[in-house]
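Here the sequence shown is numbered in the working numbering, starting from 127 and rising by one per residue.
Read through the structure below, which is laid out as structure tokens, and then see the notes.
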Amino acid sequence: MKKILKGGRFTPDNYSDEIEEKIQKLRKQGMKLPPRKILRTPEQIEGIRESAKINTALLDYLSEKIVEGISTAEIDRLTYEFTIKHGAIPAPLNYEGFPKSVCTSINDVVCHGIPSHDEILSSGDIVNVDVSTIYNGYFSDASRMFMIGDVSEEARRLVQVTKECLEIGIATAQPWTRLGDVGAAIQEHAEKNGYSVVRDLCGHGVGLKFHEEPEVAHFGKRNTGVMLLPGMTFTIEPMINEGTYKVFVDEEDDWTVCTDDGKLSAQWENMILITETGNEILTR
Ligand code: MF3
Ligand code: CO
127 MKKILKGGRF TPDNYSDEIE EKIQKLRKQG MKLPPRKILR TPEQIEGIRE SAKINTALLD
187 YLSEKIVEGI STAEIDRLTY EFTIKHGAIP APLNYEGFPK SVCTSINDVV CHGIPSHDEI
247 LSSGDIVNVD VSTIYNGYFS DASRMFMIGD VSEEARRLVQ VTKECLEIGI ATAQPWTRLG
307 DVGAAIQEHA EKNGYSVVRD LCGHGVGLKF HEEPEVAHFG KRNTGVMLLP GMTFTIEPMI
367 NEGTYKVFVD EEDDWTVCTD DGKLSAQWEN MILITETGNE ILTR
């Protein structure tokens, strides 16, 4: 409980007295609470919602274009053009040196794959397409898996279980519960199915910046971590591996994250808003 307590009230200006009281009580008990700066005001939520709408429309648009034979560079071009046409900016482009507008991660690539003209989607591939949008200064972020042509039963099951991990994570992310509960629920489902959860990358707060607090681990222990309060917006984006959870970063491009054992990895991502009664998926 350090600097988050400075500055008195640390809640959005629309909290009811009831919520205020509940927070003050938890604060006295020493509960780990999120910093005020990541609790959104109604105006900010509206802005983030608008950004998320474009991001979702983009994923819907891409889902019709992603077929066997398309290059990931073409997916990048479509992403850039769609986003600009809607008065928005692709958040990945030039983000910490990332050279493209979208991340495309095929098979054993866990995340942050860089689109390329040499990379052609072929039958049997599973690919994650991760798009992020800046609109009016507000950030949104989501990704989906696509299965190309004839995909093996094993790969299908990985993609399906990973989707369930995201759904379970979202269902667990309730106000007044703790972030560790989310990670624990995801980890349990992945491991029950014989898979592992990537540790080195996590979900994140998003909205006013691309990446902000909290760090959303997709593994962990119940009843630990920061408490979820109404007004938080963050991603849940489990990366689930067939084999080991260990990963490495390609030395040549310094971005592409691959599984250590070369086995498959899948990922689904949504961005949610914690509300007073539950949560809302903003990237739906
Ligand atoms: N969309 C990715 C995420 O979920 C962004 C990775 S940073 C990038 O956080 F530069 F690679 F886009
Ligand atoms: Co993200």
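Note that the Cβ used here is the ideal one computed from N, Cα and C, for glycine as well.
Inset, instruction - With hydrogens ignored, establish whether the beta-carbon of Tyr-221 is closer than 7 Å to any heavy atom of the ligand MF3. - result: In the sequence shown, residue 221 corresponds to position 95, counting from 1. Yes.
Inset, instruction - May I ask you to check if the CB of His-330 is nearer than 7 Å to at least one heavy atom of the ligand CO? - result: In the sequence shown, residue 330 corresponds to position 204, counting from 1. Yes, since a heavy atom of the ligand CO falls inside the 7 Å radius drawn around the Cβ of His-330.
Legend entry - Continuous alpha helix (DSSP H) stretch holding Phe-208: start and end: Position 82 of the sequence shown, counting from 1, holds the residue named residue 208. Looking at the DSSP string, the run of the alpha helix (DSSP H) that includes Phe-208 is 198-211.
Inset, instruction - Could you tell me whether any non-hydrogen atom of the ligand MF3 is closer than 7 Å to the CB of Asp-256? - result: Taking the sequence shown and counting its residues from 1, the one referred to as residue 256 is at position 130. Yes, the beta carbon of Asp-256 sits closer than 7 Å to at least one heavy atom of the ligand MF3.
Inset, instruction - Please find out if some non-hydrogen atom of the ligand MF3 comes closer than 7 Å to the beta-carbon of Pro-241. - result: Against the sequence shown, residue 241 aligns to sequence position 115. Because no heavy atom of the ligand MF3 lies under 7 Å away, the Cβ of Pro-241 does not count as near it: no.
Legend entry - Near the ligand MF3: His-212 beta-carbon under 7 Å from a heavy atom: Along the sequence shown, read from residue 1 onward, the residue named residue 212 stands at position 86. No, the ligand MF3 has no heavy atom inside 7 Å of this Cβ.
Inset, instruction - Check whether the Cβ atoms of Gln-313 and Leu-354 lie closer than 8 Å to each other. - result: Stepping through the sequence shown from its first residue, residue 313 is reached at position 187. Stepping through the sequence shown from its first residue, residue 354 is reached at position 228. With a cutoff of 8 Å on beta-carbon distance, Gln-313 and Leu-354 are scored as not near each other.
Legend entry - Contact set for Met-157: own chain, Cβ-Cβ below 7 Å, skip 5 residues either direction: Numbered from 1 along the sequence shown, position 31 holds the residue referred to as residue 157. The residues are Met-353.
Inset, instruction - Would you kindly work out how many angstroms separate the C-alpha atoms of Asp-387 and Ser-322, rounded to a whole number? - result: One-based indexing of the sequence shown puts residue 387 at position 261. One-based indexing of the sequence shown puts residue 322 at position 196. Taking the straight line joining both Cα atoms gives about 12 Å.
Legend entry - DSSP three-state assignment for Thr-298, whether helix, strand or coil: In the sequence shown, residue 298 corresponds to position 172, counting from 1. In the displayed model, Thr-298 falls within a helix according to three-state DSSP.
Legend entry - Nonlocal neighbours in the same chain, by C-beta distance under 8 Å from Tyr-187, ignoring five residues either side: In the sequence shown, residue 187 corresponds to position 61, counting from 1. Here the set comprises Leu-204 and Phe-208.
Legend entry - C-alpha distance - Tyr-371 paired with Asp-143, whole-angstrom precision: As a position in the sequence shown, residue 371 is number 245, starting the count at 1. As a position in the sequence shown, residue 143 is number 17, starting the count at 1. Computed Cα separation, rounded: 44 Å.
Inset, instruction - Say yes only if the C-beta of Thr-361 is nearer than 7 Å to one or more non-hydrogen atoms of the ligand CO, and no if none qualify. - result: Position 235 of the sequence shown holds residue 361. Checking the Cβ of Thr-361 against the ligand CO gives yes.
Inset, instruction - Would you mind stating whether His-238 and Trp-394 have Cβ atoms separated by less than 8 Å? - result: By 1-based counting over the sequence shown, the position of residue 238 is 112. By 1-based counting over the sequence shown, the position of residue 394 is 268. No.
Legend entry - Coarse secondary structure for Gly-309, derived from DSSP in three states: Numbered from 1 along the sequence shown, position 183 holds the residue referred to as residue 309. In the structure shown, Gly-309 sits in a helix (DSSP, three-state: H, G or I).
Legend entry - Neighbour-count burial assignment, Gly-263, 16 or more Cβ in a 10 Å radius: As a first step, residue 263 must be located in the sequence shown, where it is residue number 137. Exposed.
Legend entry - DSSP-derived helix/strand/coil call for Gly-388: One-based indexing of the sequence shown puts residue 388 at position 262. Coil at Gly-388, not helix or strand.
Inset, instruction - Sort Gly-223, Arg-325, Arg-270 and Asp-276 by Cα distance to Ser-248 and report the nearest one. - result: Residue mapping note: residue 248 aligns to position 122 of the sequence shown, counting from 1. Out of Gly-223, Arg-325, Arg-270 and Asp-276, Asp-276 has the C-alpha closest to the C-alpha of Ser-248.
Legend entry - Simplified DSSP assignment, three categories, for Arg-410: Here the question's residue 410 lines up with position 284 in the sequence shown. Arg-410: coil per DSSP, three-state reduction.
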